[in-house]
Every structure is written in C-alpha cells, then in structure tokens.
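Student:
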Amino acid sequence: MPERLAVHLNRDHPRDVDPEAAALETDRSFVLEFVNHGGPVHVHLHLDDALAAVADPAATQVYVESEERRGVEITVPPSHPPAKGFVELSSGYGKEKARVNVTLTDERKDGGPDVAVDESLGEKSVSVEQSASSSIAEAVVPVVAATVLVVLAAAVAVTVSESLAPVLGVLALLAAVGVAAYLLAV
Numbered sequence: 000m001p002e003r004l005a006v007h008l009n010r011d012h013p014r015d016v017d018p019e020a021a022a023l024e025t026d027r028s029f030v031l032e033f034v035n036h037g038g039p040v041h042v043h044l045h046l047d048d049a050l051a052a053v054a055d056p057a058a059t060q061v062y063v064e065s066e067e068r069r070g071v072e073i074t075v076p077p078s079h080p081p082a083k084g085f086v087e088l089s090s091g092y093g094k095e096k097a098r099v100n101v102t103l104t105d106e107r108k109d110g111g112p113d114v115a116v117d118e119s120l121g122e123k124s125v126s127v128e129q130s131a132s133s134s135i136a137e138a139v140v141p142v143v144a145a146t147v148l149v150v151l152a153a154a155v156a157v158t159v160s161e162s163l164a165p166v167l168g169v170l171a172l173l174a175a176v177g178v179a180a181y182l183l184a185v
C-alpha cells in the first residue's frame, strides 16, 4: 500500500499550499493527498529531473473542489534505483509554492517482503468438501445405530407379551433421546 502525505490547501490564506512534512523517505509509490480547506483550487505538480527519472505522477494538474480531499499517486516501480529529488507544488499561477523533498530507498524500510504472508499459508488446509463429508459421516453413524435399535425394540415388542411392550418402547425412546443429545453435542 502506498504511503500518504497530506498537502493542505487554502488553510492559512487563499491558494496556500502547505505539505504536512517537508521531506518524505520511502521505498515505494506514494500518494500526495490534497486536503482543501477553502475554495476550489488548481495545483500543479512538477518532479525534478532526478525524481522524474524514477517516478511517474498520475496527474500534473490537479483540480480540488471546495472542502474536498483528492489523492494523486506518484508511481515508483518495484525495482527502482535509489534516488533523491523533489516534488514542487504550486497554485495561483505559480504565486504560491511548496516543495517536498523525496528520498527513494532501494530497500524496504520494514525489511519485510512486498506482500505480507501469514504463517498459516504453509499449513495444509482442509477443503470444505472434506469437512462436509466427514461431518456427514459423523452424523450418519449414530442415526443408523438409533434406527437399528428402534427396529429391534419394535420387533421384540411384537414378539413379547403386552406387559413388556411399554417398557421396551420407553427404552427405545430413551435411546433415541440419547442419540439426539449426542448429535447436538457434536
């Protein structure tokens, strides 16, 4: 992600150009974010020769509406050489000027890779299909077991006397409740 440097416009007086910092050191593309505190204004960007050899602004003429924020990216290629230069900002037909000194380093300031990589990237992940099939298998086995118990209880109830049938029905019901509780816990 590009670094950002705020440039305040019309803050102290009309067509005022006031960068948040006089210098910027970076190892990548950056954005000049114009923050307009007054009426609409045109801002001209000019990169000196040293910086222009490495960087490319998205726009050199920027129109910023009243009370608007507008960013202009200065693109720096990933394999750029180190460079020092400046971006000159002017408004009011050159009457108001400001300069931002830019130092482009060839090494990352944070020492890390260009893309943040999470440690979990190297771990083997379980696909959704594998996860779903294993959870279905875990649910089917107890249901089949409960069904077999209920069928066996019904078969025994038919073959035994009428006084034992209600007891076996209650046992089958308790087994079904136990299986349901197990499935809810999983």
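With numbering that gives the first Met the number 0, the residue at position 10 of the sequence shown is 9, and numbering never jumps. By construction, the Cβ of each residue, glycine as well, lies at the ideal position given by its N, Cα and C atoms. Owing to the predicted nature of the structure, the values given are computational and were not obtained by experimental measurement.
With C-beta atoms as the reference, is A58 less than 9 Å away from V101?
Tutor: Going by C-beta atoms, A58 is not nearer than 9 Å to V101.
Student: Of the choices V42, E67, D26, whose alpha-carbon is the least far from that of L50?
Tutor: Among V42, E67, D26, the Cα nearest to that of L50 belongs to D26.
Student: Would you report the Cα separation of I73 and E32, rounded to the nearest angstrom?
Tutor: Approximately 11 Å, taken between the alpha carbons.
Student: Between V99 and E64, what straight-line distance do the alpha-carbon atoms span, to the nearest angstrom?
Tutor: Cα to Cα, the separation comes out at about 22 Å.
Student: Starting from L50, trace the alpha helix (DSSP H) both ways and give me its first and last residue.
Tutor: L50 -> alpha helix (DSSP H) spans 48-51.
Student: Bridge partners of V42, per DSSP?
Tutor: For V42, which the question treats as bridged, DSSP gives the partners V61.
Student: Exposed or buried, which one is L46 when buried takes at least 16 other CB atoms within 10 Å?
Tutor: It counts as buried.
Student: Helix, strand or coil: which one does DSSP assign to P165?
Tutor: Three-state DSSP puts P165 in a helix.
Student: What number of angstroms, rounded off, separates the C-alpha of L163 from the C-alpha of L183?
Tutor: Approximately 31 Å, taken between the alpha carbons.
Student: Output the boundary residues of the beta strand (DSSP E) element that contains T25.
Tutor: It spans 22-25 - the beta strand (DSSP E) in which T25 sits, taken as one unbroken run.
Student: Can you tell me whether DSSP reads P1 as helix, strand or coil?
Tutor: Reduced to three states, the DSSP call for P1 is coil.
Student: Do E29 and L8 have their CB atoms nearer than 9 Å?
Tutor: The question names Glu, yet the displayed sequence has Phe at residue 29. For F29 and L8, no; Cβs fall outside 9 Å.
Student: Quickly, what does DSSP pair G84 with across the bridge? List them, please.
Tutor: Answer is V101, bridged to G84.
Student: I'd like the list of long-range same chain contacts for P1, defined as Cβ closer than 7 Å, with 5 residues on each side in sequence excluded.
Tutor: The residues are R27, S28, F29, V30, E72.
Student: With 9 Å as the threshold, decide whether the Cβ of V143 is near any Cβ in chain C.
Tutor: The structure shown contains no chain C, having only a single protein chain.
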